[in-house]
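K.L.:
In this text, residue positions in the sequence shown follow the numbering used here: the first is 77, and each later residue adds one.
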Amino acid sequence: MTTTSSADLDQLRSSVKGEVHAPSDAGYDEARTIWNAQIDRRPAAVVMATSTEDVVAAVGFARAAGLEISVRGGGHNTGGYAVGDDGLMINLALLNSVEVDVENKRAKVGGGALLSDLDGATQAHGLATPGGMISHTGVAGLTLGGGMGWLTRLHGLTIDNLTGAEIVLADGRVVWASENEHADLFWALRGGGGNFGVVTTFEYALHPVGPMVSVGLFFWEAERATEALTMLRDQVPTLPQDSNVIIGLLNAPPAPFVPAEHHFKPGVLLVLVGFGPPEDHAAQCGQISGVLTPLFEFATPMPYVALQQLQDEATAHGQFNYEKGTQLPELSDAVIEVFVNHLGRRGIPTSQVLFYRLDHAYSAVEENATAYGATRTPRYATMLVAMTPDLAAWESEREWVRNLWTDLQPYSLGIGDYINNMVEFDAERVLASYGPEKYARLAGIKAVYDPQNVFRRNVNIPPAG
Ligand SMILES: Cc1cc2nc3c(=O)[nH]c(=O)nc-3n(C[C@H](O)[C@H](O)[C@H](O)COP(=O)(O)OP(=O)(O)OC[C@H]3O[C@@H](n4cnc5c(N)ncnc54)[C@H](O)[C@@H]3O)c2cc1C
Numbered sequence: 077m078t079t080t081s082s083a084d085l086d087q088l089r090s091s092v093k094g095e096v097h098a099p100s101d102a103g104y105d106e107a108r109t110i111w112n113a114q115i116d117r118r119p120a121a122v123v124m125a126t127s128t129e130d131v132v133a134a135v136g137f138a139r140a141a142g143l144e145i146s147v148r149g150g151g152h153n154t155g156g157y158a159v160g161d162d163g164l165m166i167n168l169a170l171l172n173s174v175e176v177d178v179e180n181k182r183a184k185v186g187g188g189a190l191l192s193d194l195d196g197a198t199q200a201h202g203l204a205t206p207g208g209m210i211s212h213t214g215v216a217g218l219t220l221g222g223g224m225g226w227l228t229r230l231h232g233l234t235i236d237n238l239t240g241a242e243i244v245l246a247d248g249r250v251v252w253a254s255e256n257e258h259a260d261l262f263w264a265l266r267g268g269g270g271n272f273g274v275v276t277t278f279e280y281a282l283h284p285v286g287p288m289v290s291v292g293l294f295f296w297e298a299e300r301a302t303e304a305l306t307m308l309r310d311q312v313p314t315l316p317q318d319s320n321v322i323i324g325l326l327n328a329p330p331a332p333f334v335p336a337e338h339h340f341k342p343g344v345l346l347v348l349v350g351f352g353p354p355e356d357h358a359a360q361c362g363q364i365s366g367v368l369t370p371l372f373e374f375a376t377p378m379p380y381v382a383l384q385q386l387q388d389e390a391t392a393h394g395q396f397n398y399e400k401g402t403q404l405p406e407l408s409d410a411v412i413e414v415f416v417n418h419l420g421r422r423g424i425p426t427s428q429v430l431f432y433r434l435d436h437a438y439s440a441v442e443e444n445a446t447a448y449g450a451t452r453t454p455r456y457a458t459m460l461v462a463m464t465p466d467l468a469a470w471e472s473e474r475e476w477v478r479n480l481w482t483d484l485q486p487y488s489l490g491i492g493d494y495i496n497n498m499v500e501f502d503a504e505r506v507l508a509s510y511g512p513e514k515y516a517r518l519a520g521i522k523a524v525y526d527p528q529n530v531f532r533r534n535v536n537i538p539p540a541g
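#1: DSSP on Lys181, reduced to helix/strand/coil?
#2: Return yes when the Cβ of Phe374 is within less than 9 Å of the Cβ of Ala328, no when it is not.
#3: Look at the Cβ atom of Ala125, then the Cβ atom of Gly150, and state whether they are nearer than 9 Å.
#4: Within its chain, find whatever has a CB closer than 7 Å to the CB of Leu419; leave out the 5 residues flanking it on each side and keep chain order.
#5: Does DSSP put Phe415 in a helix, in a strand, or in coil?
#6: Compare the beta carbon distance of Gly286 and Ala204 with 9 Å and say whether it is the shorter of the two.
#7: Give the DSSP bridge partners of Phe278, in chain order.
#8: Indicate, with yes or no, if ligand 1 has a heavy atom lying under 8 Å from the CB of His97.
#9: With a threshold of 8 Å, are at least 3 pairs of Cβ atoms found where one atom belongs to the segment 232–240 and the other to the segment 428–448?
#10: Taking all protein chains shown into account, decide if Val347 is buried (16 or more other Cβ within 10 angstroms of its Cβ) or exposed.
#11: Going by C-alpha distance, which of Lys184, Ser81 and Glu303 is nearest Thr277?
#12: How would you label Asn112, buried or exposed, when you count the other beta carbons within 10 angstroms and need 16 or more for buried?
#13: If you measure from the CB of Trp111, is any heavy atom of ligand 1 nearer than 8 Å?
#14: Taking the straight line between their C-alpha atoms, what separation do you get for Thr78 and Ile243?
#15: Looking at the structure shown, is Asn397 part of a helix, part of a strand, or coil, going by DSSP?
#16: Using only alpha-carbon positions, find the residue among Ala447, Glu303, Trp481 and Leu220 that is nearest to Ala519.
#17: Are Gly275 and Ala246 close, meaning C-beta to C-beta below 9 Å?
#18: Whose CA, out of Glu471, Tyr104, Glu106 and Ala133, lies closest to the CA of Ser90?
#19: Just the Cα atoms here: how many angstroms apart are Gly136 and Ala516?
#20: Identify whether Tyr157 lies in helix, strand or coil by the three-state DSSP scheme.
#21: Give me the DSSP bridge partner(s) of Arg433.
#22: Answer with buried or exposed for Asn320, where buried requires no fewer than 16 other C-beta atoms within 10 angstroms of its C-beta.
#23: Measure the beta-carbon distance from Gly429 to Asp483 and round it to whole angstroms, keeping in mind my assumption that it falls under 8 Å.
#24: At the level of alpha carbons, what is the spacing between Met594 and Val367?
#25: When you compare only the Cα positions, how much space is there between Phe372 and Gly362?
#26: Report back the beta-carbon spacing between Asn237 and Ala197 to the nearest angstrom; my notes put them in contact at under 8 Å.
#27: For Pro549, count the other beta carbons within 10 Å of its own beta carbon; 16 or more makes it buried, fewer makes it exposed. Which is it?
#28: Just to confirm, does Glu399 get its C-beta within under 8 Å of one of the non-hydrogen atoms of ligand 3?
Printed below as a string of structure tokens:
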């Protein structure tokens, strides 16, 4: 059976506590809508899970009814894996609790929580775990793919801080995976994506952070982009572990801290965040602007939660988004030339390139300790992004992203990538992202926990054999 009758849905409704939305129901559109406006898929039904038991019932129902399962954590993934046509969408938005164990520095987090839920609850105690940089991103998808953000130089990826997870398996069993229980599954969850089941709880190690952090912002106009990127290539790797940066090729936002005459000007942005003593951060800011005077700069102390929300408005739900990622070992002269050439070719001012610096704690983790495929040598994880509320502009700008990505390939670490940036499913790139050994190990674990590939609406790793 691949279609669902109202009698089928009544059966599902009777077995779960959460609401079940059929296409004719008032709540259906809201429940199926995800962050990227480009994705407009219509599942046969959406179940709003309120507990692990609801998830077990929903998985059992979908399997019996022959419906493809999609799982929505925060619904942020640009590829839209969280929703499919004609299947059963398991929406975890209501599973967003966060319990903080201050004494043991641990947080237990629901599988549908957002980073804002996690950061808000942990920062109330001056604690945090590494996450991403937009607070309306889902904790689940971000974690299962790796998770990189402001704290990654200091404390590693999100998965490097994962200590356990409760997961609903394809056969309906509920297990706890950790270093000591289902260790193979725990290894696979740390980078293997949503392939192994529905995670209903994540447990993280927490670290003292902030609550106030130091933020510096620098901007150089497009005419000096080569100079600015060359300077950043030399300076950024020398910054201590308790600092982190984002480099952006973008247009200056019309924000209060940007002088009005520079609003929308294209150029190079550096955001430099310090988690250590403010005087150290001030010295680092002086070091940067001393080497190349910026067009404008701005520095301020800020709560860590505000830092995490800094880009929320610019990346609000409902925009058309397309992205590709690539990993660059360094900003060589040739790489800088490619970026500078493409900066002027953007069709719309909201398209941008973001560089995440990955080294220190990121690189201290042993290569095979987790399933995360993108390897641990120091690098820039580079995200090429077209984002706009206008569909026509999105279609033309997608070409800009693709052309830039193609021109970067001779200098990148390979066609593989951080799987959370993988918008279009491409089996060859998935294999390249993990490398043959990790991929084979993941496929073997998949064969044990999900031999029929029930969880396949994701960056899929089919079961071995
Ligand atoms: C604007 C923007 C900014 C971003 N910034 C960052 C960043 O700073 N750092 C970073 O590392 N990444 C970043 N990302 C990428 C982000 O990590 C991924 O998009 C991630 O998939 C989002 O997780 P989600 O739960 O919101 O996604 P969803 O769309 O809900 O799900 C993504 C995938 O995970 C699976 N999944 C979701 N929840 C579960 C669960 N509970 N159990 C099992 N499988 C599940 C889904 O089935 C799907 O395959 C960003 C993305 C965007 C669009």
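The beta-carbon is built from N, C-alpha and C at its ideal position, and this holds for glycine as well. No experiment lies behind these values; they were computed from the predicted model shown.
P.N.:
On the basis of the coordinates in this document:
#1: coil
#2: no
#3: no
#4: Ala298, Ala301, Leu325 and Pro342
#5: In this structure, Phe415 counts as helix in the three-state DSSP scheme.
#6: With respect to Ala204, Gly286 sits close: the two C-beta atoms are nearer than 9 Å.
#7: Val185 and Ala241
#8: No, the Cβ of His97 stays beyond 8 Å of every heavy atom of ligand 1.
#9: yes
#10: buried
#11: The candidate whose alpha carbon is nearest that of Thr277 is Lys184.
#12: buried
#13: yes
#14: Because Thr78 carries a pLDDT of 49, less than 50, the predicted location of this residue cannot be relied on, and the following value inherits that uncertainty. Whole-angstrom Cα-Cα distance: 26 Å.
#15: strand
#16: Measuring from the Cα of Ala519, the nearest candidate turns out to be Ala447.
#17: A small correction: the amino acid at residue 275 is Val; Gly does not occupy that position in the sequence shown. Against a cut-off of 9 Å, the Cβ pair of Ala246 and Val275 comes out as no contact.
#18: For Ser90, the nearest C-alpha among the options comes from Ala133.
#19: 28 Å
#20: coil
#21: Tyr456
#22: With 16 or more Cβ atoms within 10 Å of its Cβ, Asn320 is classed as buried.
#23: Per the sequence shown, residue 429 should be read as Val rather than Gly. With 8 Å as the limit, Val429 and Asp483 do not qualify as a contact, their Cβ atoms being about 12 Å apart.
#24: Outside the modelled stretch of the chain, which goes from 77 to 541, sits residue 594, for which no answer is possible.
#25: Whole-angstrom Cα-Cα distance: 13 Å.
#26: About 15 Å separates the two Cβ atoms, so there is no contact after all.
#27: Given that the chain is displayed from residue 77 to residue 541, the structure contains no residue 549 and the question cannot be resolved.
#28: Ligand 3 is not among the ligands present in this structure, which contains only ligand 1.
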